[in-house]
Structures are given as structure tokens and as C-alpha cells.
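Encoded as C-alpha cells, the structure appears first; notes follow it.
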Amino acid sequence: MGLFNDKVIIITGASEGIGRALALKLAAHKCRLVISGRNMQRLQSLSSELTDLGCEAIVHVADIANQTECTGLVEVCVEHYGRLDILINNAGMTMWSRFDELEDLSVLSQIMQVNYLGPAYLTHAAIPYLKQTQGQIVAVASLTGMTGVPTRSGYAASKHAVIGFFDSLRIELSDDNVAVTVICPDFVVTQTHKRALNAQGKPLGETPMQESKIMTAEECAQMMLPVIAKRQRLLVTSLRGRVGRWFKIIAPGLIDKIARRAIDSGR
Ligand SMILES: NC(=O)c1ccc[n+]([C@@H]2O[C@H](COP(=O)([O-])OP(=O)(O)OC[C@H]3O[C@@H](n4cnc5c(N)ncnc54)[C@H](OP(=O)(O)O)[C@@H]3O)[C@@H](O)[C@H]2O)c1
Numbered sequence: 031m032g033l034f035n036d037k038v039i040i041i042t043g044a045s046e047g048i049g050r051a052l053a054l055k056l057a058a059h060k061c062r063l064v065i066s067g068r069n070m071q072r073l074q075s076l077s078s079e080l081t082d083l084g085c086e087a088i089v090h091v092a093d094i095a096n097q098t099e100c101t102g103l104v105e106v107c108v109e110h111y112g113r114l115d116i117l118i119n120n121a122g123m124t125m126w127s128r129f130d131e132l133e134d135l136s137v138l139s140q141i142m143q144v145n146y147l148g149p150a151y152l153t154h155a156a157i158p159y160l161k162q163t164q165g166q167i168v169a170v171a172s173l174t175g176m177t178g179v180p181t182r183s184g185y186a187a188s189k190h191a192v193i194g195f196f197d198s199l200r201i202e203l204s205d206d207n208v209a210v211t212v213i214c215p216d217f218v219v220t221q222t223h224k225r226a227l228n229a230q231g232k233p234l235g236e237t238p239m240q241e242s243k244i245m246t247a248e249e250c251a252q253m254m255l256p257v258i259a260k261r262q263r264l265l266v267t268s269l270r271g272r273v274g275r276w277f278k279i280i281a282p283g284l285i286d287k288i289a290r291r292a293i294d295s296g297r
């Protein structure tokens, strides 16, 4: 994992969950970080923890739904460190409502803006610098980017968009030796489930997940590290996800049933 030595890395969505856990794991690898999100207080608290671990990190508040703020994030990184090696597009949000019960359709555009357009804006601003360093783009998508999931239609659409977008960029950027890594986590214990937008477009407030039965953010981050270090193209974090990709070709109805059961049981 010496591959991270001295690398300059932007992590979006670092104030919570998987992004936060990943920043703390990376701290052990002598890289230099830009940690971003909207919650300054939580980012500063993470920054102190990173400093205690001997990791250099700067905090930059940005709403990735805003293109100007995305450009600003990349500029701050390059002004401070003079380079960018890895952009980790991790920030995201989800929903929890059947589509035919959805009363506030702005849920769809909000999710698309944060999960798909935000990473596209950031990546566009970052590409010139990533070409200079022959760097890497990481996109935290989801298993829901590979198959349909009930109550998550808008989220599934955004994550399918993310995978299609970054798979396309991988081909475009291969001659520049810029790697593209897509991460597809299964369920992870984070704030995202409590923050999921309901039919009225409001956060659920409580998690519907069986949290003791699903992966922790630390476990997810631990699985991500070697995949990013080796510049691999894809990580699917669960066995059912890895096997399910193949079963979907021969028995798509079975995968639909598994997706329905996963949502019904919260695991
Ligand atoms: N947890 C799961 O089960 C799961 C499964 C598959 C994929 N994922 C994906 O993993 C990624 C990380 O999610 P998580 O589970 O760690 O969720 P989380 O605990 O809710 O964290 C989400 C992060 O995204 C940031 N964020 C949200 N909206 C933002 C915006 N408009 N601008 C900038 N930052 C924003 C939040 O920061 P602020 O609130 O400070 O802005 C927070 O740091 C997401 O892309 C998610 O879709 C999660």
C-alpha cells in the first residue's frame, strides 16, 4: 500500500460514513488529503483526528450539487498541494419510497444532482490535473447501480448513471493513463439510511436497516483500500453482489426477488 505515499487525494462526503472511514484508513499511508462535505464542524473534527494520526489534511466545504463549488474544491486542492493524484467521488444521498407513492418528485432531481451530476462536475474540473499525474478517479456507486431495487428507483437511476458515466470515462482516459475505479458497496451502516428521503421528500430519521447484520463503514473502507491502490476497475463488496451479477444474466427474476427481500428485511 506504499502506492499512497505522498499522494494528494480529494475525498467528497468525508464528514460521515464511508468517506470518513476511508480518510482515517488512508491516514496510515502517508498521503495528503482534502476532505470535503457541507458540515464544517464534522469535517474539522475529522481533520483533528487525522492530524493526531500524522496525516496532513485540509478541510473544504462544498455542496457538490453546485458546479462552481465543485470547481472551487479542485482549485483549493491544487493551490494548496500543487497537484492532484486521486479524486474520490464518494458523497451521495438516497431515497426510501415506492415511486407510485412519491409525492415530491424533486427527490428524483436532488438525487441525480448529488449522485451523478456532482461527480461529473468535479471530475471535469479534476481531469487536467489527473492527466498531469497519471492519476485516478474513484466513484463510489452502489450495488443498486447494477440492478433495480424497490423503494430506490431514483437512487438506482442515479447509480446506474454513475456506473455508465465512469465506465465510459475509463475508456476515454486510458491513453492518458488515468485509472477509473468503481466501487459498488452492498448495505453499509452509515447515516445514509436515516437521511434517505421519504415520499414527502423528508429524511426518514430512523434507519430501516438491521444494522447489526450489515457491513460497517470501516469494513467497507478496508475493502476499498487495496482495490484503489491497485487501480482496479471494480469492487463489489458482497458475495451476493458478486455472484448476483452473473445470475442476473440467466435468472433475472431471481435477482429481483433477492432485491425485494433485501429491502423488506433491511439487510
Ligand atoms: N451506506 C450504504 O448502504 C451504501 C451502499 C451503497 C453505496 N453507498 C454510497 O456510498 C457513498 C457514501 O455514503 P454513506 O453511506 O457513507 O452515507 P452518509 O453517511 O450519509 O454520508 C454521505 C456523505 O455525503 C455528503 N454529502 C451528501 N450530500 C452532499 C452534497 N450535496 N454536497 C457535498 N457532500 C454531500 C455528506 O456530507 P455533508 O452532510 O457534510 O454534506 C456525507 O459526508 C454514497 O455515494 C452512497 O450512495 C452507500
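In terms of this note's numbering, the sequence shown opens at residue 31 and continues consecutively.
Built from N, CA and C at the ideal position, the CB exists for glycine as well.
Compute the minimum distance between the beta carbon of PRO238 and the heavy atoms of ligand 1, and state whether it is under 7 Å.
False, no ligand heavy atom lies under 7 Å from that Cβ.
Would you call the segment 216 to 234 in contact with the segment 123 to 136, where contact means no fewer than 3 C-beta pairs closer than 8 Å?
Judged by Cβ distances under 8 Å, the segment 216 to 234 makes contact with the segment 123 to 136, as three or more pairs qualify.
How would you write the range of the alpha helix (DSSP H) that GLN166 sits in, first residue to last?
Counting along the chain, GLN166 falls outside any alpha helix (DSSP H), though it belongs to the beta strand (DSSP E) covering 166 to 170.
Mind checking VAL273: buried by the 16 CB within 10 Å criterion, or exposed?
Exposed, since its Cβ has fewer than 16 Cβ neighbours within 10 Å.
Along the chain, where does the alpha helix (DSSP H) containing LEU114 start, and where does it finish?
No alpha helix (DSSP H) contains LEU114, which DSSP labels as neither H nor E.
Can we count MET125 as close to ligand 1, meaning its CB is less than 7 Å from some heavy atom?
Not under cutoff, so the answer is no.
Specify, as a first and last residue, the run of the alpha helix (DSSP H) that VAL192 falls within.
Looking at the DSSP string, the run of the alpha helix (DSSP H) that includes VAL192 is 183 to 203.
Please return the same chain residues whose Cβ sits closer than 6 Å to the Cβ of LEU117, not counting the five positions on each side in sequence.
Result list for LEU117: ILE40, ALA156, ILE167, in chain order.
Between ALA92 and LEU76, what straight-line distance do the alpha-carbon atoms span, to the nearest angstrom?
Straight-line Cα distance between these residues: approximately 16 Å.
Work out the CA separation of TYR111 and SER188 for me, nearest whole Å.
Approximately 32 Å, taken between the alpha carbons.
Run through DSSP, which three-state label would ALA209 get?
ALA209 falls in the strand class under three-state DSSP.
In this structure, how does DSSP classify GLU86 when only helix, strand and coil are distinguished?
It is a strand residue.
Whose CA, out of TRP276, THR124, LEU160, lies closest to the CA of PHE217?
Cα-wise, what sits closest to PHE217 is THR124.
Say the cut is 7 Å; is the CB of SER77 nearer than that to a heavy atom of ligand 1?
The answer is no for SER77.
Assuming LEU63 is part of the alpha helix (DSSP H), what are its boundary residues?
Taken as a continuous stretch (DSSP letters only), LEU63 belongs to no alpha helix (DSSP H), being part of the beta strand (DSSP E) at 62 to 67.
So for VAL137, helix, strand or coil by DSSP?
Helix, per DSSP.
How is the beta strand (DSSP E) around LEU264 delimited, first residue to last?
Here the beta strand (DSSP E) through LEU264 covers 264 to 266.
Return the residue from the list ALA259, TYR146, SER172 that minimises the CA-CA distance to ALA191.
Checked all of ALA259, TYR146, SER172; the closest Cα to ALA191 is TYR146.
Quick one: grab the DSSP three-state call for THR246.
It is a strand residue.
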